[in-house]
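My numbering applies: residue 8 is where the sequence shown begins, and numbers increase by one. All C-beta atoms, glycine included, are put in the ideal place defined by N, C-alpha and C. No experiment lies behind these values; they were computed from the predicted model shown.
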Amino acid sequence: MPSSLQRKEMLHVAAIMDGNGRWARARGLPRREGHRAGIEALRRIVKAAPDAGIGTLTVHAFSAANWKRPPEEVADLLKLFEQYLDSETEALVADGVRLSFIGRRDRLPENLVAEMTRTEAVTEWGDALTLRVALDYSAREAIVAAVKSGVTPGPDVDLLIRTSGEQRLSDFLLWECAYAELYFIEKNWPDFAATDLTAALTAFRARERRFGALAQAAE
Ligand code: FPP
Numbered sequence: 008m009p010s011s012l013q014r015k016e017m018l019h020v021a022a023i024m025d026g027n028g029r030w031a032r033a034r035g036l037p038r039r040e041g042h043r044a045g046i047e048a049l050r051r052i053v054k055a056a057p058d059a060g061i062g063t064l065t066v067h068a069f070s071a072a073n074w075k076r077p078p079e080e081v082a083d084l085l086k087l088f089e090q091y092l093d094s095e096t097e098a099l100v101a102d103g104v105r106l107s108f109i110g111r112r113d114r115l116p117e118n119l120v121a122e123m124t125r126t127e128a129v130t131e132w133g134d135a136l137t138l139r140v141a142l143d144y145s146a147r148e149a150i151v152a153a154v155k156s157g158v159t160p161g162p163d164v165d166l167l168i169r170t171s172g173e174q175r176l177s178d179f180l181l182w183e184c185a186y187a188e189l190y191f192i193e194k195n196w197p198d199f200a201a202t203d204l205t206a207a208l209t210a211f212r213a214r215e216r217r218f219g220a221l222a223q224a225a226e
């Protein structure tokens, strides 16, 4: 039986992939190499996600606040995203991954936006995993836009993972995380492995989610 038929849960997991720069610095490498290693970590997690019971994975790749970084780093990141899309589409289609983007597109380079639109179209039929990548994204902006349009921002997040020991939301999925379980891990994102994802999900499943109601034992 294909694993997609055995899956019971279809969790929405979100990840703040933090610590690429520190990973690189610890190895005496340029920050760009940290982001490159971060892409490898993302590949591993995307591969592991469907069998881990994840239906939607939303990752924070570039926030609206990240424009404040040095122009060379911004350029490196934008180039890496484009390369990822160029080289990854075939594998995403083969793995049944549907890729979509959240965030603004009007400030991104035309080539990148064209590549984003192309990848969204090509992967549209993927049904093993929806991978949502936040690019030039601000949750506050998304909430304001949603209020104006009358459409709620997006699906509720079940579990939010943040790497590198930081414990904050940084304007990521503020609305969608209203009842999310939060999971923080000291490891930097490039070191985040499939086993770390499994550990995060095990911790998540051990928590009691009450959504404001009483605990089961108290009913
Ligand atoms: C945070 O680490 C990471 C980023 C700002 C970029 C995230 C991007 C990737 C992991 C690349 C993969 C993404 C896609 C969609 C191809 P940091 O630079 O803030 O690290 P630091 O806090 O240690 O300096």
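Contacts around residue i, its chain only, beta-carbon distance under 6 Å, and the 5 residues preceding and following it disregarded
i: Gly-28; result: Arg-38 and Gly-41
i: Tyr-91; result: Ile-46
i: Val-112; result: In the sequence as displayed, the identity of residue 112 is Arg instead of Val. Result list for Arg-112: Val-120, in chain order.
Burial state of residue i, where buried means 16 or more other Cβ atoms lie within 10 Å
i: Ala-82; result: exposed
i: Tyr-186; result: exposed
i: Ser-11; result: Residue confidence for Ser-11 is low, a pLDDT of 47 falling below 50, so the modelled location carries little weight and cannot support an answer.
i: Pro-197; result: buried
i: Ala-207; result: buried
i: Val-140; result: buried
i: Ala-110; result: The question names Ala, but residue 110 in the sequence shown is Gly. Buried.
i: Pro-77; result: exposed
i: Val-151; result: exposed
Paired residues, beta bridge with residue i - DSSP
i: Ser-107; result: Arg-139
i: Phe-191; result: Arg-169
i: Tyr-144; result: Ser-70
N- and C-terminal bounds of the alpha helix (DSSP H) containing residue i
i: Val-66; result: Not the alpha helix (DSSP H): Val-66 falls in the beta strand (DSSP E), residues 61 to 70.
i: Leu-119; result: 117 to 129
i: Arg-217; result: Unbroken run through Arg-217: none, as it is neither H nor E.
i: Tyr-186; result: Unbroken run through Tyr-186: none, as it is neither H nor E.
Enclosing beta strand (DSSP E) for residue i [first to last residue]
i: Val-20; result: 18 to 23
i: Leu-166; result: 166 to 169
8 Å Cβ shell around residue i - same chain, five flanking residues per side excluded
i: Lys-54; result: Asp-102 and Ala-201
i: Ala-222; result: Glu-215
Contact set for residue i: own chain, Cβ-Cβ below 7 Å, skip 5 residues either direction
i: Val-129; result: Thr-96 and Val-100
i: Met-8; result: Note that Met-8 scores 44 on pLDDT, short of 50, meaning its location in the model is unreliable; the coordinates nonetheless yield the value given after this. Correct list: empty, nothing qualifies.
i: Phe-218; result: Tyr-186
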